[in-house]
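Reviewing the structure listed below.
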Amino acid sequence: MLIAAAGLVGAAVLYGSVFHEVPLAKGALFEALVEASEGGEDNLTEVFAPFVAADDPLEDRVPPLLANGFRCDMRPASVEDSTMLVCRRPLEGTRYCQGFFYFAYQTASGEIIETLGSTYDARRRANAWGQCDNNREAFFELSGGA
């Protein structure tokens, strides 16, 4: 009985730490990204455009991304007083190996000089369990807001 209980606990821990993926919000942006990426497109900046306005300040770009399952952070850029918005969203069922990435760069004067939306695919770096731990950690390190 004790061995069976230990086996069940071990299986639960393994499932929770290796195989379980957190359910994420899905909206029109997410659906458009999936559709475009299934067609082989990996530069998705234009797909993001109707949902995340390119002329909006970085703070205003976060809510539509969060509503579609992204986690985002604002980070200082290497140029003084400049800011980067970095967002990720894994695809369910890929064990964090595939997903979407959104990036925007704002100068100290408030000018947005770069916006990029793309897919990522790290399956070739998956561990023995088929999970991409670096991508999983990068996703959960983001605050979920900005």
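Residue numbers (our numbering): 79 to 224. A virtual CB, placed ideally from N, CA and C, is assigned to each residue, including glycine. Quantities reported herein were computed from a predicted structural model and do not represent experimental measurements.
(message) Given this structure, state the Cα-to-Cα distance separating Tyr183 from Leu163, to the nearest angstrom.
(response) The residue given as residue 183 occupies position 105 in the sequence shown. The residue given as residue 163 occupies position 85 in the sequence shown. In a straight line, the C-alpha of Tyr183 is about 6 Å away from that of Leu163.
(message) Considering just the uninterrupted stretch of the beta strand (DSSP E) at Val112, what are its terminal residues?
(response) As a position in the sequence shown, residue 112 is number 34, starting the count at 1. Unbroken run through Val112 is the alpha helix (DSSP H), Ala106 to Glu116; no beta strand (DSSP E).
(request) Determine the extent of the alpha helix (DSSP H) in which Val164 is found, giving its start and end residues. (result) Along the sequence shown, one-based indexing puts residue 164 at 86. It is not in any alpha helix (DSSP H) - Val164 instead sits in the beta strand (DSSP E) that spans Thr161 to Pro168.
(request) Measure the beta-carbon distance from Ser160 to Ala127 and round it to whole angstroms, keeping in mind my assumption that it falls under 8 Å. (result) Within the sequence shown, the letter at position 82 stands for residue 160. Within the sequence shown, the letter at position 49 stands for residue 127. Actually they are not in contact, since the Cβ atoms of Ser160 and Ala127 sit about 22 Å apart, beyond 8 Å.
(message) Given this structure, state the Cα-to-Cα distance separating Leu122 from Pro168, to the nearest angstrom.
(response) The residue given as residue 122 occupies position 44 in the sequence shown. The residue given as residue 168 occupies position 90 in the sequence shown. For Leu122 and Pro168, the distance between alpha carbons rounds to 15 Å.
(message) So, with DSSP's three-state summary, where would you put Asp199?
(response) Here the question's residue 199 lines up with position 121 in the sequence shown. It is a strand residue.
(request) Output yes or no for whether 9 Å exceeds the beta carbon distance between Ser196 and Phe178. (result) Stepping through the sequence shown from its first residue, residue 196 is reached at position 118. Stepping through the sequence shown from its first residue, residue 178 is reached at position 100. Yes, the pair counts as a contact, with Cβ atoms nearer than the cut-off.
(request) Could you tell me which residues DSSP puts in a beta bridge with Ala182? (result) As a first step, residue 182 must be located in the sequence shown, where it is residue number 104. DSSP lists Leu163 and Thr193 as partners of Ala182.
(request) Keeping to the same chain, check which residues put their C-beta closer than 6 Å to that of Asn213; ignore five residues upstream and five downstream. (result) As a working note, residue 213 is residue 135 in the sequence shown. Excluding sequence neighbours, Asn213 sits near Tyr174 and Ala200.
(request) Look at the alpha carbon of Asp138 and the alpha carbon of Glu189, and state the distance between them as a whole number of angstroms. (result) For the purposes of this step, residue 138 is taken as the residue at position 60 of the sequence shown. For the purposes of this step, residue 189 is taken as the residue at position 111 of the sequence shown. So the alpha carbons of these two residues sit roughly 14 Å apart.
(request) Please say whether Tyr180 and Arg202 have beta carbons closer to each other than 9 Å? (result) In the sequence shown, residue 202 corresponds to position 124, counting from 1. In the sequence shown, residue 180 corresponds to position 102, counting from 1. Contact: no.
(message) Considering only their Cβ atoms, is the gap separating Thr193 from Ala132 smaller than 9 Å?
(response) For this step, residue 132 is matched to residue 54 along the sequence shown. For this step, residue 193 is matched to residue 115 along the sequence shown. Yes, these two residues count as a Cβ contact at 9 Å.
(request) State the CB to CB distance for the pair Gly147 and Leu102, rounded to an integer number of angstroms; the pair is presumed to be in contact (CB under 8 Å). (result) Translated into positions along the sequence shown, residue 147 becomes position 69. Translated into positions along the sequence shown, residue 102 becomes position 24. Sure, about 3 Å apart at Cβ, within 8 Å.
(message) Please report the straight-line C-alpha distance between Gly171 and Leu136, rounded to a whole angstrom.
(response) Mapped onto the sequence shown, residue 171 falls at position 93. Mapped onto the sequence shown, residue 136 falls at position 58. The C-alpha of Leu136 is placed about 30 Å away from the C-alpha of Gly171.
(request) Inspect the beta-carbon positions of Leu144 and Phe129 and report whether they are closer than 9 Å. (result) On the sequence shown, position 66 is the one that residue 144 refers to. On the sequence shown, position 51 is the one that residue 129 refers to. Going by C-beta atoms, Leu144 is not nearer than 9 Å to Phe129.
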